[in-house]
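For what it's worth, our numbering labels the leading residue of the sequence shown as 5, then goes sequentially.
Note that the Cβ used here is the ideal one computed from N, Cα and C, for glycine as well.
Encoded as C-alpha cells, the structure appears first; notes follow it.
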Amino acid sequence: MSMGRSVTLAAAIATALAIGVMPAALHAQSTAPTKAQIDNAAHVLRVVMTALQSSEVEQPVKNALFDCLYSNSIGKISEATDKVIAANAGKVDRKDASQMLAVIAGTCGYRPAAGPAARPAPKK
C-alpha cells in the first residue's frame, strides 16, 4: 500500500467518524465475551458460511441466512440459536451440521414451504 493511499484511507475514516457514519457495531464491546460465547459464535459462523457456499443448500435458506447476517451480529444469532437449543434440550446435536443449520435458519426466520407431507389428508 502506498503512503498516498494510506493517508487517503485515514482521511476517509476520520471524516466518517466525524460525521458519525461508522456503525455502532464497530465500536468496542463493553464486556469481554466468554470462551464459550466465542466458541459458540465461531461454530454458528462456520455452519452459516459452509451453508452459503454449499450447492446442496437451497437458495431460500441461503437468502434467509444472508439477510440474517446482514441485519444482525453473529453474537445475536448465536444467542438466539443457543436459546432454541436450550428450549429443546436433547433434541439438537450441536455436532450435527444439518441440525445446527436447521436451528440457525429457523432463528433467522426461514420457514420451509408446505410440501405434500404438510397437506391435510383428503376427506372421504
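Around the CB of ILE42, fewer than 16 other CB atoms lie within 10 Å, so the residue is classed as exposed.
Annotation: the continuous alpha helix (DSSP H) that includes GLU83 extends over 78 to 91.
Secondary structure of TYR74 (DSSP, three-state): helix. Nearest to VAL52 by alpha-carbon distance, out of LYS99, LYS66, LYS95, is LYS66.
One alpha carbon belongs to ILE78, the other to LYS95, and they sit about 23 angstroms apart. ALA40 sits in a helix when the DSSP states are folded into three classes. Shortest Cα-Cα distance from TYR114 to any of LYS39, LEU69, THR54 involves LEU69. With respect to VAL48, ILE81 sits close: the two C-beta atoms are nearer than 7 angstroms.
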